[in-house]
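Notes for the one structure printed next.
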Amino acid sequence: MILDIDTVSKTFEMHIIDGKTVPGLADVSFTVDDGEFVAVVGESGSGKSSLLKCIYRTYEPSAGAIRFQTEGGEVDLANCSDREVLAVRGSELGYASQFLNEIPRVPAVDVVARPMWEQGMDREAARERARELLTALDLPAELFDAYPATFSGGERQRVNFARAIAPQPRLLLLDEPTSALDPETRASALELLDDYLPASTTVVGVFHNYDVVQQVADRVVVLDDARLQQVVDIADYDPEVLA
Ligand SMILES: Nc1ncnc2c1ncn2[C@@H]1O[C@H](COP(=O)(O)OP(=O)(O)OP(=O)(O)O)[C@@H](O)[C@H]1O
Ligand SMILES: [Mg+2]
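Heads up: the sequence shown at position 104 corresponds to 103 in numbering that gives the first Met the number 0, and the numbers run straight through without jumps.
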């Protein structure tokens, strides 16, 4: 087991509406095995992004534990210090957010290369790897040195995806990484996941598209209204019944 999500809740306090709280996640528990691909599905607003943000510690969970077995030992991502979170991000823990909101004034190739520099890779070698990843995602070469701020949604999504997989993290969190891509580009992205990441990589990914879930997942976590509805093997997953 690489990840143990133990009765995790996230409650949002809405300060505008006096004293009112909104549940993002309520008592969610499941475990993830080493090398497994877990797909998270559920209706819009069911808590999928909140779950990934709690694991990456973009959100601090209100309760519960998230035990992550890193190379250096167990880290409880729900309760550890910010310094410990920063130490596991990168080679241990990677994340592609659903929306790429903050776009630095940095060329696309450097956005993707940066996580590799931060791991001590040589600058030019990291840029070369970044170009290879962007090429595999069918991003036109003339965009490599342009700023992603001017890119289309699908182009940005590919930069975001390449940045997340570039350092080959042991645990990768993907929030709808192919939602803005056409079928051909989506196929390239899924192929890249397979080719570029070691077979030992563990992935927790949010997907809306049933064909994608069917193609990539070993198990499916179904969320409904902030709660865990079911965890099923892909062979037993029936989207008509469960999501
Ligand atoms: N930062 C926040 N502040 C307040 N409420 C939030 C915040 N983030 C999420 N929520 C609320 O938590 C609930 C779950 O949101 P979440 O983004 O996790 O849903 P989702 O399953 O990812 O939906 P979608 O499929 O539309 O991306 C929603 O009711 C949402 O409004
Ligand atoms: Mg979401």
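For glycine and all other residues, C-beta sits at the position ideal for the given N, C-alpha and C.
CB of residue i to nearest heavy atom of ligand 1: below 8 Å?
| i | result |
| --- | --- |
| residue 96 | no |
| residue 13 | yes |
| residue 19 | no |
| residue 175 | yes |
| residue 225 | yes |
Consult DSSP for residue i and reduce its assignment to one of helix, strand or coil.
| i | result |
| --- | --- |
| residue 114 | helix |
| residue 65 | strand |
| residue 55 | helix |
| residue 44 | coil |
| residue 146 | coil |
| residue 201 | strand |
Near residue i, what residues of its chain come up, given a Cβ to Cβ distance below 7 Å and the 5 sequence neighbours on each side ignored?
| i | result |
| --- | --- |
| residue 61 | 8, 9 and 10 |
| residue 235 | none |
Counting only the same chain and skipping the five closest in sequence on each side, list residues whose C-beta sits under 8 Å from that of residue i.
| i | result |
| --- | --- |
| residue 13 | 19, 20 and 21 |
| residue 73 | 66 and 67 |
| residue 251 | With the chain running from 0 to 242 in the structure shown, residue 251 is simply not present. |
| residue 198 | 34 |
Contact check, residue i vs residue j under 8 Å by CB: the rounded distance?
| i | j | result |
| --- | --- | --- |
| residue 158 | residue 38 | Actually they are not in contact, since the Cβ atoms of residue 158 and residue 38 sit about 23 Å apart, beyond 8 Å. |
| residue 155 | residue 147 | 5 Å |
Is any non-hydrogen atom of ligand 2 found closer than 8 Å to the C-beta of residue i, if you look at the structure I gave you?
| i | result |
| --- | --- |
| residue 9 | no |
| residue 48 | yes |
| residue 205 | yes |
Given residue i, which residues of its chain have a CB within under 6 Å of its CB, disregarding the five upstream and five downstream residues?
| i | result |
| --- | --- |
| residue 6 | 26, 28 and 63 |
Practice task
Flag this pair as touching only if the segment 155 to 169 and the segment 92 to 111 have three or more C-beta atom pairs under 8 Å; answer yes or no.
Solution key: yes
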